[in-house]
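Encoded as structure tokens, the structure appears first; notes follow it.
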Amino acid sequence: QVQLQESGPGLVKPSGTLSLTCAVSGGSISSSNWWSWIRQPPGKGLEWIGEIYHSGSTNYNPSLKSRVTISVDKSKNQFSLKLSSVTAADTAVYYCARTGWTDGGNSVAFDIWGQGTMVTVSS
Amino acid sequence: DIVMTQTPLSLSVTPGQPASISCKSSQSLLHSDGKTYLYWYLQKPGQSPQLLIYEVSSRFSGVPDRFSGSGSGTDFTLKISRVEAEDVGVYYCMQGIHLPQYTFGQGTKLEIK
Numbered sequence: 001q002v003q004l005q006e007s008g009p010g011l012v013k014p015s016g017t018l019s020l021t022c023a024v025s026g027g028s029i030s031s032s033n034w035w036s037w038i039r040q041p042p043g044k045g046l047e048w049i050g051e052i053y054h055s056g057s058t059n060y061n062p063s064l065k066s067r068v069t070i071s072v073d074k075s076k077n078q079f080s081l082k083l084s085s086v087t088a089a090d091t092a093v094y095y096c097a098r099t100g101w102t103d104g105g106n107s108v109a110f111d112i113w114g115q116g117t118m119v120t121v122s123s
Numbered sequence: 124d125i126v127m128t129q130t131p132l133s134l135s136v137t138p139g140q141p142a143s144i145s146c147k148s149s150q151s152l153l154h155s156d157g158k159t160y161l162y163w164y165l166q167k168p169g170q171s172p173q174l175l176i177y178e179v180s181s182r183f184s185g186v187p188d189r190f191s192g193s194g195s196g197t198d199f200t201l202k203i204s205r206v207e208a209e210d211v212g213v214y215y216c217m218q219g220i221h222l223p224q225y226t227f228g229q230g231t232k233l234e235i236k
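Here the protein sequences come in this chain order: A and B.
Counting from 1, position 10 in the first sequence corresponds to residue 10 in this note's numbering; the numbering is continuous, with no gaps.
Counting from 1, position 67 in the second sequence corresponds to residue 190 in this note's numbering; the numbering is continuous, with no gaps.
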């Protein structure tokens, strides 16, 4: 079945750019799914960052839109997140997740998640 | 922005007893297609969240039938008929209609007495 695996630097300097990749295995990123990034600051709740379709269409959380870029690399079956001008408030576990489909044809948000990767913003 | 409010924020339940979590949205989650896009997730300790319920009351594949969802419009409830030790964790509701911004509730922490 489809599995997701996040990767990227665990430490980013303030004002720098956070860059993460989510590798998709067991399925194609070009399937009829949207692919999302979600984050969770330590001890806090979940915040949706944005999503991408294999065509390159994207949707972003308005609160982060000015700093976020999500892209897709179909040749590598992966998608990526870039978050610019980071501060300590961007310290979080970052998850990638899929919006999939049930057998009955219902769209279900975030039916598959990666295990998450911790990113700390610190000098 | 739509706000999702969960109550209680924590609850302690004896195994075998029921549990209930409320989720209220600041706007209706009823879509023009007739569906209501309200989801429930469980994040077990040290794990990624996992989908439990979609469209208010549909259990996702593999989810035990002791979990049930109900509600409409802006008021929703997740019920566990008989809590088991493996149900501990943080439960989140989420709206999926007012895009492009999925919004989660604050989370409800369930612990076992």
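We put the CB at the ideal spot given by N, CA and C, even for glycine.
Self-check item: Integer-rounded CB distance, given that A:Gly114 should sit under 8 angstroms from A:Gln1
Solution: With 8 angstroms as the limit, A:Gln1 and A:Gly114 do not qualify as a contact, their Cβ atoms being about 13 angstroms apart.
Quiz item: Which of helix, strand or coil does DSSP assign to B:Asp156?
Solution: coil
Self-check item: Sub-9 angstroms separation of B:Leu201 and B:Ser151 beta-carbons
Solution: no
Self-check item: N- and C-terminal bounds of the beta strand (DSSP E) containing B:Ser162
Solution: Checking the sequence shown, residue 162 of chain B turns out to be Tyr, not Ser. Where B:Tyr162 is concerned, the enclosing beta strand (DSSP E) stretches over Leu161 to Gln166.
Quiz prompt | Cross-strand partners of A:Ser30 (DSSP beta bridge) | solution = According to DSSP, A:Ser30 bridges with nothing at all.
Quiz item: Below 8 angstroms, can you find three or more Cβ-Cβ pairs linking the stretch 125 to 133 of chain B to the stretch 65 to 77 of chain A?
Solution: no
Quiz item: Taking the C-alpha atoms as reference points, what is the distance between B:Ser181 and A:Thr120?
Solution: 37 angstroms
Quiz item: For B:Ile240, which residues from the same chain have a beta carbon less than 7 angstroms from its beta carbon, with the 5 sequence-adjacent residues on both sides left out?
Solution: In the structure as shown, chain B starts at 124 and stops at 236, and residue 240 of chain B therefore has no counterpart that could be examined.
Practice problem: Return yes when the Cβ of A:Ser71 is within less than 9 angstroms of the Cβ of A:Thr17, no when it is not. | Solution: no
Quiz item: Since B:Ser183 is in the beta strand (DSSP E), which residue starts that stretch and which ends it?
Solution: Before going on, a small fix: residue 183 of chain B reads as Phe here, not Ser. Per DSSP, B:Phe183 belongs to no beta strand (DSSP E) and is neither H nor E.
Exercise. Kindly give me the distance between the Cβ atoms of B:Thr159 and B:Ser145, rounded to whole angstroms, as I take these residues to be in contact under 8 angstroms.
Key: With 8 angstroms as the limit, B:Thr159 and B:Ser145 do not qualify as a contact, their Cβ atoms being about 16 angstroms apart.
Quiz item: Can a CB atom of chain B be found closer than 9 angstroms to the CB of A:Asn106?
Solution: yes
Exercise. With DSSP collapsed to three states, give me the class of B:Asp210.
Key: helix
Quiz item: Which residues of chain B have a Cβ atom closer than 8 angstroms to the Cβ of A:Tyr94, listed in chain order?
Solution: In chain order: nothing, as chain B lies at least about 11 angstroms away.
Quiz prompt | Backbone secondary structure at A:Asp90 - three-state DSSP | solution = helix
Quiz item: What is the DSSP secondary structure of B:Ser133, counted as helix, strand or coil?
Solution: strand
Quiz item: Nearest chain A C-beta to B:Gln140 closer than 9 angstroms, yes or no?
Solution: no
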